[in-house]
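Peer 1: Line order of the protein sequences matches chains A and B.
Residues in the first sequence are numbered consecutively from 1, following the numbering used here.
Residues in the second sequence are numbered consecutively from 1001, following the numbering used here.
Please find one structure pasted underneath; my questions will follow.
2 protein chains.
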Amino acid sequence: MELYLERGFEQTTVADIAERAGLTERTFFRHFVDKREVIFGGQADFQQMFVDAVAGAPDAASPLDAVAAALHVAAAQFEPRRAWSRERQRVIDANPALQERELVKLAAVASAIAAALRERGVNEPAASLAAQSGMTVFRVAFTQWIADDNTREFAKIIDEALAALTNVTSAG
Amino acid sequence: MELYLERGFEQTTVADIAERAGLTERTFFRHFVDKREVIFGGQADFQQMFVDAVAGAPDAASPLDAVAAALHVAAAQFEPRRAWSRERQRVIDANPALQERELVKLAAVASAIAAALRERGVNEPAASLAAQSGMTVFRVAFTQWIADDNTREFAKIIDEALAALTNVTSAG
DNA sequence: TCAGTGATGTCAGTAACTGACATGAACGAT
DNA sequence: ATCGTTCATGTCAGTTACTGACATCACTGA
């Protein structure tokens, strides 16, 4: 991250990273499948957080309610780390290859959420739709939350985005 | 595509492709930014089709109606090419790097649709939410449409997916 | 006929990634 | 205490995607 922020992702070679970490290039590739993965380290926890929250939602909760609950758990986790989130996103936004990988990660989370919903008895395609809609809301809200001029709470932004989604899709 | 189907994407080197096409490797890279782009050739048309359809929807149409109209245009285009769509998707599904690129392409379309919606006077975040929801529906419906056991029309599947989306998001 | 433009070839180089093998520290069993 | 195993790391050689620089040659319009 240091190096990526200093000189950008493309300008940083794996050799550079390895040197900074006091390791060899080969060892780097034993810890990360590729150069881009470095920045997506917390993925497992991130995904599990959503899955647990969906699984733990009240039985009575609708699919979207369960997903909404998960989004709020996520919001609470992120709230104290806005500065860090912004820096990280700046690195990602500066590089297409990283954006590509980010999409994969979000898709993986959506897929895991869909599985968790199916576990709750939700059928397809409702499970996938609810899961992917949830991640869409997350992305849109996250973007607003880290925007320069924003001072509002992540949870609040998520609520509004959810309301906007309901509004957009029910009006159709 | 021939080579990708024969031996798989990873097992096909750019040198192989160039040879088959009667060109040099260097020339290949003058036509495609990278090895993966080969399979996403029609992207510009694909995207434009959505944008035009959204722009051309009746003024009275809600954002989701406009997107739904675009999905139907897309369905009509794809309908006669189911076999081809399946082969292509098989290649993509067999390779993570291609799936990654596919997500980028779909995200680009969603982004273009959002812009077209804004052109129609739709505000954010409604525009992005409607656009991304639309692409979500497209993906889910497309997957069902090319499934082994499916014999139904793409348009019909899209309608059902749209209904399921409305149902899922309004029930929340 | 000639100057310019554009597509292609050639060649050398960088950097991501991989496989094979060697080394050495940690650690449990005897 | 020593031995054998396991695991993380180093070393090295190789492949392949991709890029920049320069040469060639067909085509085109003045």
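Glycine residues also receive a C-beta, built at the ideal position from the N, C-alpha and C atoms.
Just so you know, these numbers come straight off a predicted model, no measurement behind them.
Taking only runs that begin and end inside the segment 106-165 of chain A, name each unbroken alpha helix (DSSP H) of 4 or more residues, in chain order.
Peer 2: 126-145
Peer 1: Should residue 139 of chain A go down as buried or exposed, given a rule of 16 or more other Cβ atoms within 10 Å for buried?
Peer 2: buried
Peer 1: At a CB-CB cut-off below 9 Å, which residues of chain B make contact with residue 82 of chain A?
Peer 2: Within chain B, no residue comes near residue 82 of chain A; the closest Cβ sits about 19 Å away, beyond 9 Å.
Peer 1: Could you round the C-beta distance between residue 154 of chain A and residue 75 of chain A to whole angstroms and report it? I think they count as a contact, below 8 Å.
Peer 2: 4 Å
Peer 1: How many angstroms separate the CA atom of residue 131 of chain A from the CA atom of residue 113 of chain A?
Peer 2: 6 Å
Peer 1: Of all Cβ atoms in chain A, is any one closer than 8 Å to the Cβ of residue 1101 of chain B?
Peer 2: Among the residues facing chain A, residue 1101 of chain B is included, as its CB has a counterpart in that chain under 8 Å away.
Peer 1: Anyone know if the C-beta pair for residue 101 of chain A and residue 1100 of chain B falls short of 8 Å?
Peer 2: In this structure, residue 1100 of chain B lies closer than 8 Å to residue 101 of chain A by Cβ.
Peer 1: For the segment 113-127 of chain A, enumerate the residues whose C-beta is nearer than 7 Å to any C-beta of chain B, in chain order.
Peer 2: 125, 126
Peer 1: Would you mind telling me which residues of chain A sit closer than 7 Å to residue 1012 of chain B, beta carbon to beta carbon, in chain order?
Peer 2: Near residue 1012 of chain B there are no residues of chain A at all, since even the closest Cβ is about 20 Å away, more than 7 Å.
Peer 1: Less than 8 Å between the C-beta atoms of residue 104 of chain A and residue 4 of chain A, yes or no?
Peer 2: For the 8 Å CB-CB criterion, residue 104 of chain A and residue 4 of chain A do not form a contact.
Peer 1: Between which two residues does the alpha helix (DSSP H) harbouring residue 1078 of chain B extend?
Peer 2: 1063-1078
Peer 1: For the alpha helix (DSSP H) holding residue 1056 of chain B, just list the boundary residues, first then last.
Peer 2: 1043-1056
Peer 1: Could you tell me the distance, in whole angstroms, from the CA atom of residue 135 of chain A to the CA atom of residue 111 of chain A?
Peer 2: 10 Å
Peer 1: Let's see if you can read the secondary structure: which residues bound the alpha helix (DSSP H) around residue 23 of chain A?
Peer 2: From DSSP, residue 23 of chain A is part of no alpha helix (DSSP H); its letter is neither H nor E.
Peer 1: Pop quiz: residue 1137 of chain B and residue 1117 of chain B are said to be a contact at Cβ under 8 Å. What is the actual Cβ separation, rounded to whole angstroms?
Peer 2: In fact, because the Cβ distance is near 15 Å, the residues do not count as touching under 8 Å.
Peer 1: Among B:1158, B:1069, B:1031, B:1082, which one has its Cα closest to the Cα of residue 1058 of chain B?
Peer 2: B:1069
Peer 1: Does chain A have any CB closer than 8 Å to the CB of residue 1064 of chain B?
Peer 2: yes
Peer 1: Identify the contact partners of residue 151 of chain A in chain B, using a Cβ-Cβ distance below 8 Å as the criterion.
Peer 2: The premise fails here: residue 151 of chain A is roughly 18 Å from chain B at the closest Cβ pair, so nothing lies under 8 Å.
Peer 1: Have a look at B:1141, B:1126, B:1124, B:1044 and flag the residue whose alpha-carbon is nearest the alpha-carbon of residue 129 of chain A.
Peer 2: B:1141
Peer 1: Under 8 Å between the Cβ atoms of residue 39 of chain A and residue 98 of chain A?
Peer 2: yes
Peer 1: Within the same chain, show all residues whose beta-carbon is closer than 7 Å to that of residue 1006 of chain B, passing over the 5 residues directly before and after it, in chain order.
Peer 2: none
Peer 1: Buried or exposed: which applies to residue 1156 of chain B, given that a residue is buried once 16 or more other Cβ atoms fall within 10 Å of its Cβ?
Peer 2: exposed
Peer 1: Going straight from the alpha carbon of residue 27 of chain A to that of residue 14 of chain A, what length do you get?
Peer 2: 10 Å
Peer 1: Would residue 43 of chain A pass as an interface residue toward chain B - the criterion being a Cβ-Cβ separation below 8 Å?
Peer 2: no
Peer 1: So is residue 23 of chain A buried or exposed if we call it buried at 16+ other beta carbons inside 10 Å?
Peer 2: exposed
Peer 1: Is it right to say residue 88 of chain A is buried, meaning 16 or more other beta carbons lie within 10 angstroms of its own, or is it exposed?
Peer 2: Its Cβ being crowded by 16 or more others within 10 Å, residue 88 of chain A is buried.
Peer 1: With H, G and I counted as helix, E and B as strand and the rest as coil, what does DSSP make of residue 1033 of chain B?
Peer 2: coil
Peer 1: Check the Cβ-Cβ distances between residue 172 of chain A and every residue of chain B, and say whether any is below 8 Å.
Peer 2: With a pLDDT of only 49 at residue 172 of chain A, under the threshold of 50, the placement of this residue in the model should not be trusted; the figure read from the coordinates follows. At least one chain B Cβ lies under 8 Å of residue 172 of chain A.
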